[in-house]
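S.K.: For reference, the structure I am asking about is given below.
Numbering (this note's numbering), first residue to last: -5 to 271.
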């Protein structure tokens, strides 16, 4: 499932801190995770807006360290409460919702998502504006999926996708397309899933997001498995591992190798039993 982070507060930080955050992102893209962590920590020490801390938390989520991300987001949340910065609180609460979903704590995720919406409403001076944030829409769609309401999830994701397209956000569109692919798999529509997931895959490659490309490939493998195309599924899993290795996503590498073994067992059964062909 593709979880969407609510964006950053980079525009609020100084130009020096902003430059350090860009350098940290560059280190991440080249696989230099230790250098990226060090640069984020340096940026945090020079930033009084919590922007760098939020970005560091988002980075930790990307490399599959949700507990460490929650620690950073919690510190930023405390600062937002002390300073009564409702915009910061909205961003942080949304990111906490993403992190808790990643850990499987869905009730906590829903609670933080609601806090994110409430803080956003206060930040713009109204209590009844409706949902206009693509991040909130897509993350609420994730909650709908957990509850089994796939049609609501699809509607929310399509609305979010339209907002991301209007904003010309390739990364946002890719995230929503990936989630729509997952919904299609759950609805037992693997052909539709392949269409969404390949579109997500192409966009994630354009923005050079190795972690997201790997996740797209995992979901593509599942769609191919539903169609009985074990060879295509196996190829997607091999490519996913290569992507995860670039960003040292150890947990995802282990998960993918486990899926490979399961797929090999299924394929072996089909090869041995002619009645299944």
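We put the CB at the ideal spot given by N, CA and C, even for glycine.
1) How would you call residue 245, buried or exposed, if buried means at least 16 neighbouring beta carbons within 10 angstroms?
2) Rounded to the nearest angstrom, how far is the Cβ of residue 166 from that of residue 191, given a contact under 8 angstroms?
3) Which residue spans inside the stretch 204 to 237 form an unbroken beta strand (DSSP E) run of at least 3?
4) Could you give the distance in angstroms between the alpha-carbon of residue 111 and the alpha-carbon of residue 258?
5) Quick one: what does DSSP say residue 87 is sitting in, helix, strand or coil?
6) Just to confirm my understanding: we take residue 8, look at its own chain, exclude 5 residues before and 5 after, and list those with CB closer than 6 angstroms. What are they?
7) Please confirm whether any heavy atom of the ligand SAH lies closer than 8 angstroms to the CB of residue 225.
8) From this set, 142, 59 and 30, which residue's C-alpha is nearest residue 19's C-alpha?
9) Roughly how many angstroms separate the alpha carbons of residue 76 and residue 97, rounded to a whole number?
10) For the stretch 216 to 229 and the stretch 33 to 40, state whether three or more C-beta atom pairs, one from each stretch, are separated by less than 8 angstroms.
11) What would DSSP say about residue 169, mapped onto helix, strand or coil?
12) How would you label residue 148, buried or exposed, when you count the other beta carbons within 10 angstroms and need 16 or more for buried?
13) Which term fits residue 10, buried or exposed, when burial requires 16 or more other beta carbons within 10 angstroms of its beta carbon?
M.R.: So, to answer that:
1) Answer is exposed; the Cβ neighbour count stays below 16.
2) Contact check for residue 166 and residue 191: beta-carbon distance about 16 angstroms, past the 8 angstroms limit, so the pair fails to qualify.
3) As far as the stretch 204 to 237 is concerned, it has no whole beta strand (DSSP E) run of at least 3 residues.
4) Roughly 45 angstroms between the two C-alpha positions.
5) The answer is helix: DSSP assigns residue 87 an H, G or I state.
6) Correct list: empty, nothing qualifies.
7) Judged by which ligands are present, the structure shown has none, so any question about the ligand SAH falls away.
8) With distances taken between Cα atoms, residue 19 lies closest to 30.
9) The straight-line gap from Cα to Cα measures roughly 27 angstroms.
10) No, they do not touch.
11) Correct three-state label for residue 169: helix.
12) Classification of residue 148: buried, given that the 10 Å Cβ count is 16 or more.
13) The residue in question, residue 10, is exposed, as its Cβ has fewer than 16 Cβ neighbours within 10 Å.
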